[in-house]
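Quick note, the sequence shown lines up with residues 11 to 318 if you use my numbering. Each residue gets a CB set at the ideal place from its N, CA and C atoms; glycine is no exception.
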Amino acid sequence: WAAHLPYIDAINRLKRERGAVILAHNYQTPEIFHTVADFTGDSLALAQYAARADAAVIVQAGVHFMAETSKILSPEKTVLIPDLHAGCSLASSITAADVRLLKQRYPGVPVVTYVNTSADVKAETDICCTSGNAVQVVESLGVDRVIFIPDQYLGKYVASKTGVELILWAGSCEVHERFSGAELRDYRTQRSNHVDGDIHILAHPECPPDVLAEADFVGSTAAMVAHLDKQRPRRVVMITECSMSDNVAVEFPDIEFTRPCNLCPHMKRITLPKIYETLLHMRHEVTVDPAIAERARRAVENMLSLSS
Ligand code: 13P
Ligand code: SF4
11 WAAHLPYIDA
21 INRLKRERGA
31 VILAHNYQTP
41 EIFHTVADFT
51 GDSLALAQYA
61 ARADAAVIVQ
71 AGVHFMAETS
81 KILSPEKTVL
91 IPDLHAGCSL
101 ASSITAADVR
111 LLKQRYPGVP
121 VVTYVNTSAD
131 VKAETDICCT
141 SGNAVQVVES
151 LGVDRVIFIP
161 DQYLGKYVAS
171 KTGVELILWA
181 GSCEVHERFS
191 GAELRDYRTQ
201 RSNHVDGDIH
211 ILAHPECPPD
221 VLAEADFVGS
231 TAAMVAHLDK
241 QRPRRVVMIT
251 ECSMSDNVAV
261 EFPDIEFTRP
271 CNLCPHMKRI
281 TLPKIYETLL
291 HMRHEVTVDP
301 AIAERARRAV
311 ENMLSLSS
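This is the structure we're talking about:
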């Protein structure tokens, strides 16, 4: 941590000078998450916070679609991202033209879009969702068929929980699709004779169905934290991005975390030195075409009005 201290001090000073807040996703590294972030959370919480933040400048410690969502909800604010190449395999799996074709093919079927998409794709959408509210969003429509894009695994999970027929897209998260059910069964076998009891497995709904079938709890990153807070299991495996367990372990020193994880290379593009450079030079500004932003905002606000 000694190497981080000069950056932490300089970032906290620059934040005050610039009137900026730093919004950090749960997958940011602990040295960002626990020291310079003003607000942390899952995608839903970050969107809710961006909508009500009163700072003039938002620095998004997360990936590009998250910065776009902040800009869509706060067009008057300056939204900066420390690395413009912090993308997402889900966001890059689908374009606005793809969505228009789906709508032509299934006329009248509502479109639910995961927030892990570009502003252009959100603009073609009836309502957005996050992993924290996808079931609620689909159920709120009261229909038996929905176009659900782009995460096929989140879609399969939502279909299993709602009974609604979902027309899916073949997108997936490059981090969560690498886990397997066999891997989870191995953790259980390795741990099953432990005196302190069995291991408790939490998995993110972006994981494939065979992984979710083996998990004790399925939920968004924020839902995982709430679940641990309530259940206080002794031993835990979190089937998600690496920084999640690192960050949560600080909050729950009484829980032992086994840490299999997959790194998100996009989230890891955000570092303390890059956050420092961002605030120093007020760069890389994220902008969204106002006409696109207006249509995308409707879809995001439709979601927020359900979750608030
Ligand atoms: P949540 O934090 O909303 O669960 O999302 C996970 C994710 O992959 C964000 O990129
Ligand atoms: Fe995208 Fe997956 Fe990385 Fe989240 S963890 S930003 S869904 S690639």
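Check, Outcome
"Closer than 7 Å: His214 CB and nearest the ligand 13P heavy atom", "yes"
"Residue span of the beta strand (DSSP E) that contains Phe267, given as start and end", "266-268"
"Distance cut 5 Å, beta-carbon to the ligand 13P heavy atom: residue list by chain order", "Asp52, Ser53, Thr140, Ser141, Ser230, Thr231"
"Proximity below 8 Å, CB of Leu33 to CB of Leu54", "no"
"Identity of the residues DSSP links to Arg245 by a beta bridge", "Glu266"
"Separation of Leu282 from Pro16, as counted between CA atoms", "10 Å"
"Terminal residues of the alpha helix (DSSP H) in which Arg188 lies", "Counting along the chain, Arg188 falls outside any alpha helix (DSSP H), and DSSP gives it neither H nor E."
"Three-state secondary structure assigned by DSSP to Ala57", "helix"
"Classification of Ser315 by the beta-carbon crowding that lies within 10 angstroms, buried from 16 upward", "exposed"
"Residue(s) in a DSSP beta bridge with Phe158", "Val122, Leu178"
"Under 8 Å between C-beta atoms of Met254 and Tyr37", "yes"
"Local Cβ density within 10 Å of Gln200, reported as buried at 16 or more and exposed below that", "exposed"
"Heavy atom of the ligand SF4 within 7 Å of Cys138 beta-carbon", "no"
"For Phe227 and His237, the rounded distance between their alpha carbons", "8 Å"
"CA-to-CA distance, Pro275 to Ser99, given in whole angstroms", "10 Å"
"Neighbourhood of Ile302 by C-beta distance below 7 Å, restricted to the same chain and skipping five residues each side", "Ala129, Asp130, Ala133"
"Cβ neighbours of Arg279 in the same chain (closer than 7 Å, five flanking residues each side left out)", "Asp93, His95, Ala96"
"Distance cut-off 7 Å: His95 Cβ against heavy atoms of the ligand HEM", "In the structure on display, the ligand HEM does not appear, and the ligands it does have are the ligand 13P and the ligand SF4."
"Val31: CB within 7 Å of a non-hydrogen atom of the ligand SF4", "no"
"Thr250, buried or exposed, once every other Cβ within 10 Å from all chains shown has been counted against 16", "buried"
"Closest residue to Val147 among His294, Val174, Leu273, Arg195 (Cα-Cα distance)", "Val174"
"Contact under 8 Å by Cβ, Val246 with Phe267", "yes"
"Sequence-ordered residues whose beta carbon comes within less than 7 Å of a heavy atom of the ligand SF4", "Tyr37, Val73, Cys98, Ser99, Leu100, Ala101, Asn126, Cys183, Glu184, Val185, His186, Glu216, Glu251, Cys274, His276, Met277"
"Cβ neighbour criterion (16 or more within 10 Å) applied to Val260", "exposed"
"Inter-stretch contact (C-beta, 8 Å, three-pair minimum) for the region 181-200 and the region 212-223", "yes"
"Val221, DSSP secondary structure in three states", "helix"
"Close beta carbons around Arg305, own chain, < 6 Å, minus the five adjacent residues each side", "Ala133"
"Straight-line gap, Arg155 to Asp136 (C-alpha atoms, nearest Å)", "14 Å"
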